[in-house]
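Residue numbers for the sequence shown follow numbering that gives the first Met the number 0, so the first one is 0 and each next one is one higher.
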Amino acid sequence: MNSIEANIRGAAYLVKKQFRKTRFKIGLAIVSVVTILALLSPIMAPFPEEGLGYVPENAVARARLPPNPVNIFGTDTRGRDLFSRVLFGAGSALIEILSVVLTSLSIGIIIGVSAAYFKGIVEHVLNYLIELFVSIPAIIIALALRLAIGPGLYVVILGLITTWWSWYARIAYIYARSIVEMDYVVLARLSGLSSLKIIYRHVLRNTIPPVLVQAVTDMGSVLLEATSINFIGLGVPLNSPEWGVIMLEGLPVITIAPWITMFPGIFLLITALGFSLIGDSLREELDPKMRRRWRLWF
0 MNSIEANIRG
10 AAYLVKKQFR
20 KTRFKIGLAI
30 VSVVTILALL
40 SPIMAPFPEE
50 GLGYVPENAV
60 ARARLPPNPV
70 NIFGTDTRGR
80 DLFSRVLFGA
90 GSALIEILSV
100 VLTSLSIGII
110 IGVSAAYFKG
120 IVEHVLNYLI
130 ELFVSIPAII
140 IALALRLAIG
150 PGLYVVILGL
160 ITTWWSWYAR
170 IAYIYARSIV
180 EMDYVVLARL
190 SGLSSLKIIY
200 RHVLRNTIPP
210 VLVQAVTDMG
220 SVLLEATSIN
230 FIGLGVPLNS
240 PEWGVIMLEG
250 LPVITIAPWI
260 TMFPGIFLLI
270 TALGFSLIGD
280 SLREELDPKM
290 RRRWRLWF
């Protein structure tokens with residue numbers, strides 16, 4: 000109970016300390032707004048059916064309308080309300096981010112800690128797998144999944160998880176390897192404590208925080224890579240409310256209807272910036288050198 004209370008107090012102190020930083024508050028505000036818009040998109044969207052991909056009957060007359068009081072972001076090439084499409088795209092973005100990061104983080108920590116703790120052939124095999132999947136581009140995996148099982152959001156998520164877990168496994172392995180060589184871990188082994196208890200009590204508790212901070216920092220990168228996969232047509236179907244797909248549809252008419260690519264691009268940039276600000280603020284606690292760098296900006 001004492002260790003649990005200490006962890007809770009430590010997390011509360013860290014959160015309280017982060018709220019003193021301007022960039023953390025800005026990043027948290029951005030992510031909170033995007034999350035609220037995603038959750039309330041069925042209510043806030045003026046044309047929810049069009050936001051989900053429904054093409055209206057008067058699509059020809061409504062196609063490529065500039066921003067106006069009815070369609071505040073204008074309409075796309077098929078006459079659908081762009082504001083509704085962008086709102087529903089926020090939900091797809093959050094699903095992609097959370098699914099990829101949480102799953103990859105869980106797999107990476109388990110494999111990285113196992114490779115560091117269990118020596119010999121286990122360490123060599125797991126390290127080989129880590130290096131193998133680090134070298135494989137996510138786009139290649141997404142292309143293979145698209146050809147094998149067809150388009151869908153799961154293609155993007157599985158494609159990113161297949162390669163992204165290896166980065167967290169490598170980070171977890173580096174931190175865990177230094178921890179397992181410390182005296183208190185060696186003493187715990189000699190005292191007869193089981194491997195599972197040693198890993199849980201000593202290794203995981205000291206490995207998870209830095210890897211978790213890195214995962215928060217990577218959320219913006221996950222969003223950009225997922226959007227890139229959808230932008231080149233390897234992910235979700237072309238009528239899906241996803242920011243990359245919307246920008247892809249507006250690319251051929253970018254000179255005459257720039258708002259089709261501009262508004263989802265702005266949401267993409269701001270959302271990625273929000274996650275990056277939060278992650279950099281948290282990572283500063285682990286790397287004091289970053290404090291001097293951030294003073295130049297805030």
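Ideal Cβ placement from N, Cα and C applies to all residues, glycine included.
Per-residue burial, residue 263 [other beta carbons within 10 Å of its own, 16 or more giving buried]:
What you label residue 263 is simply residue 264 of the sequence shown in a count that begins at 1. Buried, by the Cβ-count rule.
Assuming residue 170 contacts residue 208 (C-beta within less than 8 Å), just tell me the rounded distance between them.
Locating residue 170 in the sequence shown gives position 171, counting from the first residue. Locating residue 208 in the sequence shown gives position 209, counting from the first residue. At roughly 11 Å, the Cβ-Cβ gap does not stay under 8 Å, so residue 170 and residue 208 are not in contact.
By the 10 Å Cβ neighbour count, where 16 or more other Cβ atoms means buried, how is residue 188 classified, buried or exposed?
For this step, residue 188 is matched to residue 189 along the sequence shown. The residue in question, residue 188, is exposed, as its Cβ has fewer than 16 Cβ neighbours within 10 Å.
Using the C-alpha atoms, what's the distance from residue 106 back to residue 40?
Looking up residue 40 in the sequence shown gives position 41. Looking up residue 106 in the sequence shown gives position 107. C-alpha separation (whole angstroms): 32 Å.
What separation, rounded to the nearest whole angstrom, lies between the Cα atoms of residue 282 and residue 213?
Taking the sequence shown and counting its residues from 1, the one referred to as residue 282 is at position 283. Taking the sequence shown and counting its residues from 1, the one referred to as residue 213 is at position 214. Using only the alpha carbons, I get a separation of about 7 Å.
Coil, strand or helix - residue 80 by DSSP:
For this step, residue 80 is matched to residue 81 along the sequence shown. In the structure shown, residue 80 sits in a strand (DSSP, three-state: E or B).
What's the call for residue 19, buried or exposed, on a 16-neighbour Cβ count within 10 Å?
For the purposes of this step, residue 19 is taken as the residue at position 20 of the sequence shown. That one is exposed.
Exposure of residue 57, with buried meaning 16 or more beta-carbon neighbours within 10 Å:
Indexing the sequence shown from 1 puts residue 57 at position 58. Flag for residue 57 reads exposed.
Helix, strand or coil: how does DSSP classify residue 273 here?
Taking the first residue of the sequence shown as position 1, residue 273 is located at position 274. It is helical.
Length of the line joining the Cα atoms of residue 90 and residue 256:
Working through the sequence shown from its first residue, we reach residue 90 at position 91. Working through the sequence shown from its first residue, we reach residue 256 at position 257. Whole-angstrom Cα-Cα distance: 25 Å.
In or out: residue 28 buried (at least 16 other Cβ within 10 Å) or exposed?
Within the sequence shown, numbered from 1, the residue matching residue 28 stands at position 29. Per the 10 Å Cβ criterion, exposed.
Need the endpoints of the alpha helix (DSSP H) that residue 54 sits in, please.
On the sequence shown, position 55 is the one that residue 54 refers to. Looking at the DSSP string, residue 54 is not in any alpha helix (DSSP H), and its letter there is neither H nor E.
How long is the line joining the alpha carbons of residue 275 and residue 269, rounded to whole angstroms?
Position 276 of the sequence shown holds residue 275. Position 270 of the sequence shown holds residue 269. Roughly 10 Å between the two C-alpha positions.
Report yes if the CB atom of residue 49 is closer than 7 Å to the CB atom of residue 83, and no otherwise.
The count along the sequence shown starts at 1 and reaches residue 49 at position 50. The count along the sequence shown starts at 1 and reaches residue 83 at position 84. Result yes, Cβ atoms of residue 49 and residue 83 sit closer than 7 Å.
Cβ-based burial, residue 156 [other Cβ within 10 Å; buried from 16]:
Within the sequence shown, residue 156 is the residue found at index 157, counting from 1. By the neighbour-count criterion, in which a residue is buried when 16 or more other Cβ atoms sit within 10 angstroms of its Cβ, residue 156 is buried.
Which residues in the same chain as residue 292 place their Cβ atom closer than 7 Å to its Cβ, once the five residues preceding and following it in sequence are excluded?
Working through the sequence shown from its first residue, we reach residue 292 at position 293. Low per-residue confidence applies at residue 292: pLDDT is 44, beneath 50, and the placement is therefore not dependable, though the value from the model is reported in the following sentence. Excluding residues within five positions, none has a Cβ falling inside 7 Å.
Give the list of continuous alpha helix (DSSP H) stretches no shorter than 4 residues that lie fully inside the region 123–169.
137–148
Return helix, strand or coil for residue 254, following the three-state DSSP convention.
Locating residue 254 in the sequence shown gives position 255, where the first residue counts as 1. Here residue 254 sits in coil by DSSP.
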